[in-house]
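Q: Below are the structure tokens for one structure; questions will follow.
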Amino acid sequence: MTSAEAAPWYFKKAARIMDVGERIETLLATPLRSVTVQVSIELDNGEIRTFKGYRVQHDNARGPMKGGLRFHPTVNHDEVLALSSLMTWKTAVVNLPYGGAKGGIECDPAELSVKELERLTRKFVDQIHDMIGPTRDIPGPDVNTNPQVMAWIMDQYSRYHGHSPAVVTGKPIDLYGSRGREAATARGLQFIAREILRDVGQQVPGTRFAIQGFGNVGSHAARLFHEDGGKIVAVSDVHGGVTNPKGLDVPGLFEHVKKTGSVRGFGGGTACSSQDVLVTDCDVLVPSAMGSAIDKHLAAEVRARIVLEGANAPCTPEADEIFEQRGVLVVPDVLANAGGVTVSYFEWVQNMQHVTWDEERVNGELQRVMKEAYEKVGQISRSRKLPLRTSAYVLAIGRVGKATVLRGI
Amino acid sequence: MSIPAQLLKKLVQIPIFQGLTVPEAAEFFEVALEQTIESGHTLFREGDEGDALYVILKGEVSITKKGIELATLSTHAVVGEMSLVSPGDTRSATATAKNDVDVLKIPSRRVQKLIKGDHLAALKVVANLAQVMAQRLGAINDRLVGDGKKKGEARKEELADFAGILNRWSF
Chain X
-18 MTSAEAAPWY FKKAARIMDV GERIETLLAT PLRSVTVQVS IELDNGEIRT
32 FKGYRVQHDN ARGPMKGGLR FHPTVNHDEV LALSSLMTWK TAVVNLPYGG
82 AKGGIECDPA ELSVKELERL TRKFVDQIHD MIGPTRDIPG PDVNTNPQVM
132 AWIMDQYSRY HGHSPAVVTG KPIDLYGSRG REAATARGLQ FIAREILRDV
182 GQQVPGTRFA IQGFGNVGSH AARLFHEDGG KIVAVSDVHG GVTNPKGLDV
232 PGLFEHVKKT GSVRGFGGGT ACSSQDVLVT DCDVLVPSAM GSAIDKHLAA
282 EVRARIVLEG ANAPCTPEAD EIFEQRGVLV VPDVLANAGG VTVSYFEWVQ
332 NMQHVTWDEE RVNGELQRVM KEAYEKVGQI SRSRKLPLRT SAYVLAIGRV
382 GKATVLRGI
Chain R
648 MSIPAQLLKK LVQIPIFQGL TVPEAAEFFE VALEQTIESG HTLFREGDEG
698 DALYVILKGE VSITKKGIEL ATLSTHAVVG EMSLVSPGDT RSATATAKND
748 VDVLKIPSRR VQKLIKGDHL AALKVVANLA QVMAQRLGAI NDRLVGDGKK
798 KGEARKEELA DFAGILNRWS F
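Okay, structure coming up:
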């Protein structure tokens, strides 16, 4: 099963446990609208290149649809569709007034110049501007898209519809972006880690964390767990990893990454592979790199007691099952990494109200949202004797379902 | 005419005479006349003034409208009961004896007289008749709306079922 197929699979599993009828299941699973568009641009050398762009709007029962926009060579319709459904459930788990969407352009941004990327982004907006909007569908950053790309989207959309900062989130702070957005996903993980460790009778100080992936999520998570007194015993990125059972020197590690661009070769520990990080001896494993990083074979070897899904679908459903049998607590992506979309929501709220929040307020509101979602999911898990993931989907189906029933078909 | 107790016991089992005690039935059927209609003759024709209801005691009666047979009625069936509550209205179908038929004819004018005098048995009969007609009206409505209604109901139930599931799973 690919990582993209995971969300629809978990949805089905929870829907069957709830005894949702087949036709209602289809109603909830089928996307509202799905478009494929041609995105043709002139490259810097005068060559014409045509790319395929996708936007899938999955469900709008709970509000305007929200979801990232990714630029990647493997982007395809099925993947975007599955990820759009993941957004429907994720926004529902953290109780944001949003539905789910996702988009992408099948391209390799590493091969494109900045000017070409800008033309590509603007052309894509030309093709979908009439289906997105602050009260319809609000894109955000995702794989290989950054605040600059979001700024181009805002500008291009505003050319058609007038000044509209709320059409997209993840914008630069200097252009209607929100404070705290960059570290938001990691901060969400931090709040969840505090809660779940307390529930198992532990505390963050002294707890050993292993983090796979040192990008936006992994690096901020390492910093925040370290700030809370946690021990970072292993980290990795695409180039390799480093481990130290006594805890890595985190400020030193950041210095190293700043200089070399990678965690590889950091002197404060033993060099290891990215896979080694996953099976290293630790209390909390935070896979925050790619989907499907942990398959059933690795799941059997994972030594952590708790798995915090920083990435989307880092564990395959087969691995998830093995964790369940082994009694490893898995905090699912729809809950664990929902901090990102939550602060995106705060950015949208600030834009809609023409106000700016300070970072303290952003983080405070985020903590409230994450805590509330964690408590609800935990409540369902305890009372129904279900794993956290199934409980999160039950909560999401309940919320989306109620909105659907109240609105009517 | 006076009717043998054995027949009265059978008559009170007919839906529109249900609930009548045998003495009440005896009183009610005082106004009835026994008739024999020969095979092929009509009890009444479509368009005639409806002046009586008939209880078939023996034989078979064919109900036709514009030449098309709608039903065949036999012993202890009731024919022309609408005339009891709307005397003077025209018959909506033709009733023909398929063989020699014995009937009890109850003239509606006499029943109307009983009702005006608050005659308990007559009032019971009219109440029964109202019930029978309400059931028929419901059946006609169902048939009129046809399959569309069935589908509509199924969809409503499906959404309602789902709402029920969500209530059971709400936190």
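One line per chain: the protein sequences are X and R, in this order. The first sequence begins at -18 in our numbering and counts up one residue at a time. The second sequence begins at 648 in our numbering and counts up one residue at a time. All C-beta atoms in this analysis are idealised placements derived from N, C-alpha and C, irrespective of residue type, glycine included.
#1: What does X/Asp0 reach in chain R if we use C-beta pairs closer than 7 Å?
#2: Can you tell me which of X/Val324, X/Leu376, X/Ala(-13) and X/Val1 puts its alpha carbon nearest to the alpha carbon of X/Arg168?
#3: Between which residues of its own chain and X/Gly233 is the CB-CB distance below 7 Å, once the five residues before and five after are set aside?
#4: So, at 8 Å on beta carbons, what are the nonlocal neighbours of R/Glu728 in its own chain, with the 5 sequence-adjacent residues on each side left out?
#5: Helix, strand or coil, according to DSSP, for X/Gln184 in the structure here?
#6: Only counting runs of 3 or more residues, tell me where the beta strand (DSSP E) segments fall wholly within the segment 699 to 725 of chain R, in order along the chain.
#7: Within the continuous alpha helix (DSSP H) that includes R/Val758, where are the two ends?
#8: Is it right to say R/Lys713 is buried, meaning 16 or more other beta carbons lie within 10 angstroms of its own, or is it exposed?
#9: So, is X/Gly379 buried or exposed, given that buried needs 16 or more other C-beta atoms within 10 angstroms?
#10: Verify the CB distance criterion: does X/Leu376 have a CB-CB separation below 9 Å to chain R?
#11: Please classify R/Asn814 as buried or exposed, where buried requires at least 16 other C-beta atoms within 10 Å of its C-beta.
#12: For the segment 25 to 43 of chain X against the segment 349 to 356 of chain X, are there 3 or more C-beta pairs whose distance is under 8 Å?
#13: Which residue's Cα is closest to the Cα of X/Thr17: X/Ala373, X/Arg100, X/Gly194 and X/Gly84?
#14: List the residues of chain R that X/Gly382 touches, going by C-beta distances under 7 Å, in chain order.
#15: By Cβ distance, which residues of its chain are closer than 8 Å to X/Ser21, with the 5 residues on each side in sequence left out?
#16: Given that a residue counts as buried once 16 or more other Cβ atoms are within 10 Å of its Cβ, and exposed if not, what is R/Arg756?
#17: For X/Ser364, would you say it is in contact with chain R, using Cβ-to-Cβ distances shorter than 9 Å as the test?
#18: Quick one: which residues of the segment 656 to 689 of chain R get their C-beta closer than 9 Å to a C-beta of chain X? List them in chain order.
#19: Under 9 Å, Cβ to Cβ, is there at least one residue of chain R near X/Gly80?
#20: Report back the beta-carbon spacing between X/Ile303 and X/Ala281 to the nearest angstrom; my notes put them in contact at under 8 Å.
#21: Considering only their Cβ atoms, is the gap separating X/His207 from X/Pro125 smaller than 9 Å?
#22: Per DSSP, what kind of secondary structure is X/Asp118 in: helix, strand or coil?
#23: Measure the C-alpha to C-alpha separation of X/Val231 and X/Ile213 and round it to an integer number of angstroms.
#24: In chain X, what lies closer than 9 Å to R/Ser733 by C-beta?
#25: Of all the beta strand (DSSP E) runs that stay within the bounds of the segment 20 to 46 of chain X, which reach a length of 3 or more residues?
#26: Of all the CB atoms in chain R, is at least one closer than 9 Å to the CB of X/Gln331?
#27: I want to verify the contact list: residues of chain R whose CB lies under 7 Å from the CB of X/Gln360, in sequence order.
#28: State the Cα-Cα distance for the pair X/His58 and X/Gly182, rounded to the nearest angstrom.
#29: Leaving out five residues before and five after X/Val244 in sequence, what residues of the same chain have Cβ atoms less than 8 Å from its Cβ?
#30: Within 8 Å, do at least three Cβ pairs link the segment 146 to 158 of chain X to the segment 289 to 303 of chain X?
#31: Does any CB atom of chain R fall closer than 9 Å to the CB of X/Val386?
#32: For X/Met131 and X/Gly34, I'd like the C-alpha separation in whole angstroms.
#33: Closer than 8 Å is the cut-off here; do at least three beta carbon pairs connect the segment 62 to 71 of chain X with the segment 115 to 122 of chain X?
#34: Output the distance between the C-alpha atoms of X/Ala(-5) and X/Lys47, rounded to the nearest integer angstrom.
#35: Where in the segment 78 to 116 of chain X do unbroken runs of the alpha helix (DSSP H), each at least 4 residues long, occur, reported from the N-terminal end onward?
#36: Compare the C-beta of X/Lys392 against all C-beta atoms of chain R and say whether one is closer than 9 Å.
A: In short, the structure shows the following:
#1: Ile812
#2: X/Val324
#3: Gly249
#4: Closer than 8 Å at Cβ, skipping near neighbours: Ile663, Leu700, Leu776 and Val779.
#5: coil
#6: DSSP runs (the beta strand (DSSP E)) wholly in the segment 699 to 725 of chain R: 699 to 705, 708 to 712 and 715 to 720.
#7: Ser755 to Lys763
#8: exposed
#9: By the neighbour-count rule (16 or more Cβ atoms within 10 Å), X/Gly379 is buried.
#10: yes
#11: exposed
#12: Result no; under three Cβ-Cβ pairs closer than 8 Å.
#13: That would be X/Gly84, whose Cα lies nearest to the Cα of X/Thr17.
#14: Around X/Gly382, the beta-carbon contacts reaching into chain R at under 7 Å are Phe809 and Leu813.
#15: Ile29, Arg30, Thr31, Phe32 and Lys104
#16: exposed
#17: It does: the Cβ of X/Ser364 has a partner Cβ on chain R nearer than 9 Å.
#18: Only those residues of the segment 656 to 689 of chain R whose C-beta falls short of 9 Å from the nearest C-beta of chain X would be listed, and there are none.
#19: Cβ-Cβ to chain R under 9 Å: no for X/Gly80.
#20: About 6 Å; that satisfies the 8 Å criterion.
#21: Note that residue 125 of chain X corresponds to Asn in the displayed sequence, not to Pro. Not closer than 9 Å, so no.
#22: In the structure shown, X/Asp118 sits in a strand (DSSP, three-state: E or B).
#23: Put simply, the backbone Cα of X/Val231 is about 7 Å away from that of X/Ile213.
#24: Neighbours of R/Ser733 on chain X: none; closest Cβ ~43 Å, over 9 Å.
#25: 29 to 40
#26: no
#27: Within chain R, the residues near X/Gln360 are Phe818.
#28: 44 Å
#29: Phe195, Val216, Ser217, Asp218, His220, Gly221, Gly222, Val223, Leu234, His237 and Val238
#30: no
#31: Interface residue, yes.
#32: Cα to Cα, X/Met131 sits roughly 16 Å from X/Gly34.
#33: no
#34: 22 Å
#35: 95 to 109
#36: Residue 392 of chain X cannot be examined here, being either before or after the span of chain X that is shown, -18 to 390.
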